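Per our numbering, the sequence shown starts with residue 1, numbered consecutively.
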Amino acid sequence: MHSAAIARAPAVISSASVRPRRGAAPAVISSASGRPRRGARGAVRCEVASSSAPSAAAPQAAKWAQRTVVLPPQRRGCHLITPKVPPPSRMRIPVPLLFVHSLSCLFDAVMLLFVYRLSQIVNEIRDDLAEFKCGMAHLFLQHTSASLTINENYDSDVQADTETFLSRIVPEGPSAPWRHTMEGPDDMPAHIKSSMFGCSLTVPITNGRLNMGTWQGIWLCEHRDYATPRQIVITLNGI
Numbered sequence: 001m002h003s004a005a006i007a008r009a010p011a012v013i014s015s016a017s018v019r020p021r022r023g024a025a026p027a028v029i030s031s032a033s034g035r036p037r038r039g040a041r042g043a044v045r046c047e048v049a050s051s052s053a054p055s056a057a058a059p060q061a062a063k064w065a066q067r068t069v070v071l072p073p074q075r076r077g078c079h080l081i082t083p084k085v086p087p088p089s090r091m092r093i094p095v096p097l098l099f100v101h102s103l104s105c106l107f108d109a110v111m112l113l114f115v116y117r118l119s120q121i122v123n124e125i126r127d128d129l130a131e132f133k134c135g136m137a138h139l140f141l142q143h144t145s146a147s148l149t150i151n152e153n154y155d156s157d158v159q160a161d162t163e164t165f166l167s168r169i170v171p172e173g174p175s176a177p178w179r180h181t182m183e184g185p186d187d188m189p190a191h192i193k194s195s196m197f198g199c200s201l202t203v204p205i206t207n208g209r210l211n212m213g214t215w216q217g218i219w220l221c222e223h224r225d226y227a228t229p230r231q232i233v234i235t236l237n238g239i
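See the structure below:
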């Protein structure tokens, strides 16, 4: 009965772009091409494109990963939380090459020499990073009295000098004009310093690694006098 009903149908309309002609034989619509093909009289078929059909232009689907890393308490100041470049004596690179360290071709060679010194942040997300050939890593610090920034990863004096600078431009003590001091004299200064550097960073991912410059590192800047654990939410996106 169902076949007879189909046979009596005067026309088949598959979409707004395909218009039947009066008296014409019903067409066979292929969903892959959208073009009608004439079939046997009194029969209608709809061919569905196979999902296994090759598609050279099909883009690779993006993927996401997210992890929360809890950093141990740190003293007040700036702390490197990504790999540190070792002293030149450990790098075992010919002296002339040290003067052209900015060349990207040397980056892989340098990385291999201090991969064993990976910090906690990179250790925590290393397996997740390996799943991405190209993408972005977003780091978000869930606190208002600490901050994240990217800076020198070789000489720790840069971290000490940065802390000295911050302490001078954001004063503390009884003479400071702050009203928000319920947690101590370092309370409001910590919030100001956090806003100066910010609580988030975005770093490109290339071939399963954070693609930063040879001398770049991620700092956790602790702005409080007392040590407390800090949480960082790391979100990865790419292909």
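Cβ coordinates follow ideal geometry from the N, Cα and C atoms, glycine included.
Fair warning: this is a prediction, and the values are worked out from it, not measured in the lab.
For residue i, does the three-state DSSP call read helix, strand or coil?
i           : result
residue 153 : coil
residue 120 : helix
residue 114 : Here the model assigns residue 114 a pLDDT of 29, short of 50, so the residue's position is not dependable and the matter cannot be decided.
residue 218 : strand
residue 76  : coil
residue 125 : helix
From the DSSP output, read off the bridge partner residues of residue i.
i           : result
residue 63  : 238
residue 147 : 221
residue 137 : 203, 236
residue 71  : 230
Among the candidates the options, whose CA atom is the shortest distance from the CA of residue i?
i           : options            : result
residue 134 : 223, 145, 218, 61  : 61
residue 196 : 137, 146, 63       : 146
residue 225 : 139, 153, 188, 150 : 188
residue 184 : 173, 192, 194      : 173
residue 191 : 72, 83, 67, 142    : 142
residue 150 : 236, 212, 179      : 212
residue 210 : 163, 164, 67, 126  : 126
residue 163 : 236, 223, 237, 239 : 223
residue 66  : 59, 123, 122, 128  : 128
Considering only the beta carbon of each residue, do residue i and residue j sit closer than 8 angstroms?
i           : j           : result
residue 120 : residue 169 : no
residue 79  : residue 220 : yes
residue 203 : residue 130 : no
residue 77  : residue 152 : no
residue 69  : residue 234 : yes
residue 232 : residue 140 : yes
residue 227 : residue 73  : yes
residue 154 : residue 215 : yes
task: Report the residue ranges of all alpha helix (DSSP H) runs contained in full by the region 158–213; include only those spanning at least 4 residues, in chain order.
output: 187–197
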